[in-house]
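Participant: My questions all concern the structure below.
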Amino acid sequence: MTLLLKQSPSASDPADLLPARLLPGEIPHPNPDQPPTAQPHAHQSPLSLPPPLIPSLSFPLKHVSLPNTARASAPPQPHTVVGTLALTSVPPSALASYLSDPSTLILDIRPHAAHASARICHALSLSVPSTLLKRPLFSLSKLTQVLPSAAARARFAAWPSTTRILVYDADSAIIPDNSNIAGLLRKFRAEGFSGELGWVCGGFQAVWKEARDSRPQNSPVPRKTTWKDRFSR
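So the sequence shown is numbered by my numbering: it starts at 54 and just counts up by one.
What follows is the structure, given as structure tokens:
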């Protein structure tokens, strides 16, 4: 800031006509013969400055949005959505609650020889060709007729009285839309079942490794599923 001072009548030096500059903290004085005095810092500055552009930190916490990294640490939901079908993903460690519930129907869709060798307790063998499991027009009543024994047919036909249906295969870790498990569970939902539909994560191989109490005693080690088992049904 530059102020032009008027020439004093007693001034004879031409330097008196030079412009005077104000230092920070100084105020102009009407008498040019008196040196400027420094303004104490406690007084208000003669310059009017805009307020600093610093956002206020007094906002309510309820308006704070968590970053994506914090949201990603939330535990995943125990559900699998296959198309429009919502399925419960059951890890082997959670099988105990299903085995203790008499209203749960557990279905084993592996080959019958694998079921006879080792299986989950109370599981019913449903060894039918995969094309029938995926075919929407092949109803549950037709699946019942494919079962080999009268006892198995009676257990399977009682599915409307159950509250939960749990299906497992050999080693599926994910359930694609065209999988055997999704095709079978979709039939139950299409025919009016309103209970819980679930599948065992990792199949029987995961049960054998992580939850051996869920299988019958003295069960032999299950053999791994080969390409022949997958495509010969």
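All residues carry an ideal CB built from backbone N, CA and C; glycine is no exception.
1. Taking Thr184 as part of the beta strand (DSSP E), name the residues at either end of that continuous run.
2. To which residues of the same chain is Ala176 closer than 6 angstroms at the C-beta, ignoring the five residues directly before and after it?
3. Put Arg217 into one of helix, strand or coil per three-state DSSP.
4. Quick one: is Val134 buried, meaning 16 or more other Cβ sit within 10 Å of its Cβ, or exposed?
5. Note down the Cα distance separating Leu152 from Leu190, rounded to an integer number of angstroms.
6. Can you give me the C-alpha to C-alpha distance between Arg292 and Pro229, rounded to a whole angstrom?
7. Quick check on the DSSP output: the beta strand (DSSP E) that includes Trp252 runs from which residue to which?
8. What are the boundary residues of the alpha helix (DSSP H) that includes His132?
9. Please name the residue in Ser183, Ser146, Lys195 whose C-alpha comes closest to that of Arg206.
10. Determine, using beta carbons only, whether Gly251 and Ser225 come nearer to each other than 7 angstroms.
11. In the DSSP assignment, find the beta strand (DSSP E) that holds Ile159 and state where it starts and stops.
12. Exposed or buried, Gly245, counting other C-beta atoms within 10 Å across all chains shown (16 or more means buried)?
13. Could you give the distance in angstroms between the alpha-carbon of Ala203 and the alpha-carbon of His132?
14. Hey, out of Asp154, Gly136, Leu140, Ser192, whose CA is closest to Lys240's CA?
15. Residues in its own chain within less than 6 angstroms of Ser156 by CB, not counting five upstream and five downstream?
16. Taking Ser142 as part of the alpha helix (DSSP H), name the residues at either end of that continuous run.
17. With 16 as the cutoff for other CB atoms within 10 Å, does Ile218 come out buried or exposed?
18. Tell me the rounded alpha-carbon separation between Leu186 and Pro201.
19. Could you check the C-alpha separation between Leu179 and Cys254 for me, to the nearest Å?
20. Between which two residues does the beta strand (DSSP E) carrying Ser178 extend?
Facilitator: With the given structure in hand:
1. No beta strand (DSSP E) contains Thr184, which is instead part of the alpha helix (DSSP H) from 183-187.
2. Taken in chain order, the residues that qualify are Ile159, Asp161.
3. In the structure shown, Arg217 sits in a strand (DSSP, three-state: E or B).
4. Classification for Val134: exposed.
5. Each residue's alpha carbon lies about 31 angstroms from the other.
6. Since the first and last residues shown for the chain are 54 and 286, residue 292 lies out of range.
7. Boundaries of the beta strand (DSSP E) harbouring Trp252: 249-253, taken from the DSSP string.
8. Looking at the DSSP string, His132 is not in any alpha helix (DSSP H); the run it does join, the beta strand (DSSP E), is 132-135.
9. Comparing Cα-Cα distances from Arg206 to each of Ser183, Ser146, Lys195, the minimum goes to Lys195.
10. No, Cβ-Cβ distance for Gly251 and Ser225 is not below 7 angstroms.
11. Counting along the chain, the beta strand (DSSP E) containing Ile159 begins and ends at 157-161.
12. Within a 10 Å sphere around the beta-carbon of Gly245 sit fewer than 16 other beta-carbons, which makes this residue exposed.
13. The alpha-carbon atoms of Ala203 and His132 are separated by roughly 34 angstroms.
14. Ranking the options by Cα distance to Lys240, first place goes to Ser192.
15. So the list reads Thr215, Thr216, once near-sequence residues are dropped.
16. Taken as a continuous stretch (DSSP letters only), Ser142 belongs to no alpha helix (DSSP H), being part of the beta strand (DSSP E) at 138-143.
17. Around the C-beta of Ile218, 16 or more other C-beta atoms lie within 10 Å, and the residue is accordingly described as buried.
18. The straight-line gap from Cα to Cα measures roughly 16 angstroms.
19. Distance between the alpha carbons of Leu179 and Cys254: 18 angstroms.
20. For Ser178, the uninterrupted beta strand (DSSP E) run begins and ends at 176-178, by DSSP.
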